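Its first residue numbered 15, the sequence shown is counted upward by one per residue in the numbering used here.
Reviewing the structure listed below.
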Amino acid sequence: MTGAPSSLQDLRQRMGDTAKADKTKRFWGLYVHVGKLETLRVGYDLAKCNNGAPGIDGVTFEAIEAAGVDAFLAQLRDELVARTYRPLRDRRVEIPKDGGTKVRVLGIPAIRDRVVQGALKLILEPIFEADFHEGSYGYRPKRSAQAAVARVAEAITKNKTRVIDLDLAAYFDTVRHDLLLGKVARRVEDGEILHLLKLMLKASGTRGVPQGGVISPLLSNIYLNEVDAMLERAKEVTRNGKYTYVEYARYADDLVILVDGYRRHDWLLKAVDRRLREEFAKLDLRLNEAKSRIVDLARGEAFGFLGFEFRRVRSLRGAWRPQYTPQQKKRRALRAKLKEVFQRSQSQPIGRVIAEINPMLRGWVTYFRIGHAGRCFSFLKDWVEKRVRRHMMRARKRSGFGWKRWSREWLYTALGLFTDYRVQYRGHA
């Protein structure tokens with residue numbers, strides 16, 4: 015881990031190696047490492063990198079730095095050593111889902127609690143990473159959503175065209191604390207660690223893990239790891255040499271399973287669907303049946319995963335290949351955010367507007383450029399350019415778009431409007 019003291023890096027490496035070598039090993043003596051200043055300092059640095067909003071106590075990073083980070087961390091260490099540390103309640107924040115009317119509730123821990131969560135994650139992560147599976151991508155070291163998307167695309171090229179597209183109902187809100195703590199206890203024999211984790215969970219309510227907590231992604235992967243294990247077994251028991259008839263990819267609670275398209279494997283599709291439902295029932299998780307379905311790409315159907323819409327289309331050479339483009343709801347959400355900036359900034363100079371929209375465009379395009387987004391990007395580029403032109407014309411109390419007044423080159427060179435709409439194709443031609 016870059017930036018961490020060598021002693022902490024060595025500790026994490028040793029724990030990870032031991033966990034890989036002995037899948038039944040239960041670790042003890044971990045709590046003392048969570049409370050060390052070097053661990054808390056890395057936890058603080060990680061929390062500050064994300065630069066989140068303050069928690070329920072209103073304390074900001076600026077206030078902590080003004081009073082002294084060393085004193086802040088020493089106070090946390092003393093509370094952990096004395097066993098008097100108690101996390102504060104999470105601050106609840108509602109954010110709209112993809113620009114629509116529905117909202118997602120985030121639980122924002124206080125910065126002090128984010129630091130302790132980060133320290134605990136630093137100690138637990140290498141142990142549980144040894145147990146996680148290849149199809150799990152969410153919030154794991156050296157893994158990404160784009161890699162999960164590429165895994166799905168690769169499966170489609172290998173004729174895995176029937177897709178079990180499941181939607182878990184309010185997953186993060188329904189995780190049972192007793193089941194989660196039991197899963198952690200299979201690898202952790204340290205009662206103080208389990209007690210600390212229980213305190214953190216109770217701060218978010220009687221059930222669930224907060225979307226916004228530093229340790230929540232790790233806990234989410236621990237909770238769903240047995241689902242991944244079941245899917246790995248399904249791959250292996252049906253394997254034919256190098257070829258597998260089942261593939262899957264999971265990013266947090268977003269899961270898709272792809273099954274071979276030949277009709278002789280109808281039984282496998284039904285068996286995997288049944289076993290998935292059994293595993294979710296063990297975890298006391300509910301499926302959103304209205305959004306859960308089985309998709310057949312060979313019939314021209316499509317499914318969504320991590321913001322992309324997947325289809326199977328013919329290439330110019332006549333071969334079947336995957337096509338994945340930004341979902342319409344993701345496009346609408348981006349345009350809604352951009353519109354809000356333009357409407358809010360009607361009296362502002364165009365340079366200030368561009369400074370605000372450029373990071374939004376850069377982040378969105380960078381994420382989606384791995385797919386077949388050329389047509390989408392072309393539309394978006396023209397749409398943004400027209401909005402910029404209208405903004406400048408309104409400032410002059412004129413109508414139109416100023417096509418003759420400002421060249422396209424001037425917009426992108428002189429004003430610095432974001433222009434890198436290149437697509438990175440991944441060879442599924």
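For glycine and all other residues, C-beta sits at the position ideal for the given N, C-alpha and C.
For clarity, every value in this text was computed on a predicted model and none was experimentally measured.
Report the CB separation of residue i from residue j in whole angstroms; it is logged as a contact under 8 angstroms.
i	j	result
Val163	Phe322	6 angstroms
Tyr426	Leu299	In fact, because the Cβ distance is near 48 angstroms, the residues do not count as touching under 8 angstroms.
Val119	Asp179	Actually they are not in contact, since the Cβ atoms of Val119 and Asp179 sit about 24 angstroms apart, beyond 8 angstroms.
Leu208	Val198	7 angstroms
Leu320	Ala159	5 angstroms
Leu42	Asp145	It should be noted that the sequence gives Trp, not Leu, for residue 42. 17 angstroms between Cβ atoms; not a contact.
Arg436	Gly416	The Cβ separation is near 26 angstroms, so there is no contact.
Leu444	Val166	The shown model of the chain, from 15 to 443, leaves out residue 444, and the question about it has no answer.
Asn360	Arg408	Looking at the sequence itself, residue 360 is Gln, so the reference to Asn does not match. With a Cβ gap of about 7 angstroms, Gln360 and Arg408 count as contacting.
Trp397	Arg358	No, Trp397 and Arg358 are not in contact; Cβ-Cβ is about 18 angstroms, not under 8 angstroms.
Taking the alpha carbon of residue i as the reference point, which residue from the options has its own alpha carbon closest?
i	options	result
Ser20	Thr53, Arg221, Leu232, Cys63	Thr53
Tyr262	Thr339, Arg335, Arg200, Arg176	Arg176
Gln438	Arg200, Thr380, Arg410, Gly430	Thr380
Gly227	Trp424, Val117, Val398, Asp127	Asp127
Tyr45	Arg277, Ala81, Glu399, Ile137	Ile137
Leu193	Lys212, Ala183, Asp181	Lys212
Arg346	Trp378, Asp36, Leu330	Trp378
Asp274	Ala285, Leu431, Tyr265, Ala266	Ala285
Ala35	Glu143, Lys249, Leu22, Ile70	Glu143
Thr258	Gly318, Asn173, Ile229, Asp24	Asn173
Met29	Thr38, Gly72, Pro140	Pro140
Asn372	Ala387, Phe356, Gly385	Phe356
Gln341	Arg389, Lys156, Lys353	Arg389
Taking residue i as part of the alpha helix (DSSP H), name the residues at either end of that continuous run.
i	result
Val202	Where Val202 is concerned, there is no enclosing alpha helix (DSSP H), given that its DSSP letter is neither H nor E.
Gly271	The sequence shown places Ile at residue 271, rather than the Gly named in the question. Looking at the DSSP string, Ile271 is not in any alpha helix (DSSP H); the run it does join, the beta strand (DSSP E), is 268–273.
Tyr262	No alpha helix (DSSP H) contains Tyr262, which is instead part of the beta strand (DSSP E) from 260–265.
Val367	364–382
Asn239	230–251
Leu134	125–143
Ala33	20–35
Val48	45–48
From what residue to what residue does the beta strand (DSSP E) around residue i run?
i	result
Cys122	The question names Cys, but residue 122 is Ile in the sequence shown. It spans 117–122 - the beta strand (DSSP E) in which Ile122 sits, taken as one unbroken run.
Trp420	From DSSP, Trp420 is part of no beta strand (DSSP E); its letter is neither H nor E.
Asp310	307–310
Glu108	105–110
Ile178	176–180
Tell me the DSSP bridge mates of residue i?
i	result
Thr339	Glu323
Gly318	Glu323
Ser392	Partner(s): none; Ser392 has no beta bridge.
With contact counted as at least three CB pairs below 8 angstroms, one residue from each stretch, are the stretch 42–59 and the stretch 117–133 in contact? yes
The stretch 302–312 in contact with the stretch 322–339 per 3-pair CB rule at 8 angstroms: yes
Inter-stretch contact (C-beta, 8 angstroms, three-pair minimum) for the stretch 136–150 and the stretch 231–248: yes
I want to know whether the stretch 54–71 touches the stretch 80–88 - three or more CB-CB distances under 8 angstroms. yes
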